[in-house]
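J.:
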Amino acid sequence: MQRQAEARIPTRSGNFTLIAYAKHADERMPHLAVVAETFDPTRP
Numbered sequence: 643m644q645r646q647a648e649a650r651i652p653t654r655s656g657n658f659t660l661i662a663y664a665k666h667a668d669e670r671m672p673h674l675a676v677v678a679e680t681f682d683p684t685r686p
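Counting from 643, one number per residue, gives the positions in the sequence shown under my numbering.
1) With distance defined between alpha-carbon atoms, name the residue in G656, P686, F658 and A647 nearest to K665.
2) Just verifying my parser: in three-state terms, what is the DSSP assignment at R670?
3) Indicate the three-state DSSP secondary structure (helix, strand or coil) for R685 in the structure shown.
4) Can you tell me where the beta strand (DSSP E) with R650 in it begins and where it stops?
5) Can you give me the start and stop residues for the beta strand (DSSP E) that T680 sits inside?
The following block contains the structure:
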């Protein structure tokens, strides 16, 4: 798996980063990870 692309996504709930991973550069269905900048387990 290699990181193919990354994008910052600002929302009302906070800033997130979307990261796409794939085995091959031409893969049409990459695995996606949505990562929060901050995490507060007390907030829903």
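Cβ coordinates follow ideal geometry from the N, Cα and C atoms, glycine included.
Everything numeric in this text was worked out from a predicted model, so none of it was measured.
T.: In brief:
1) Comparing Cα-Cα distances from K665 to each of G656, P686, F658 and A647, the minimum goes to A647.
2) coil
3) coil
4) Segment Q644 to T653, the beta strand (DSSP E) holding R650.
5) Where T680 is concerned, there is no enclosing beta strand (DSSP E), given that its DSSP letter is neither H nor E.
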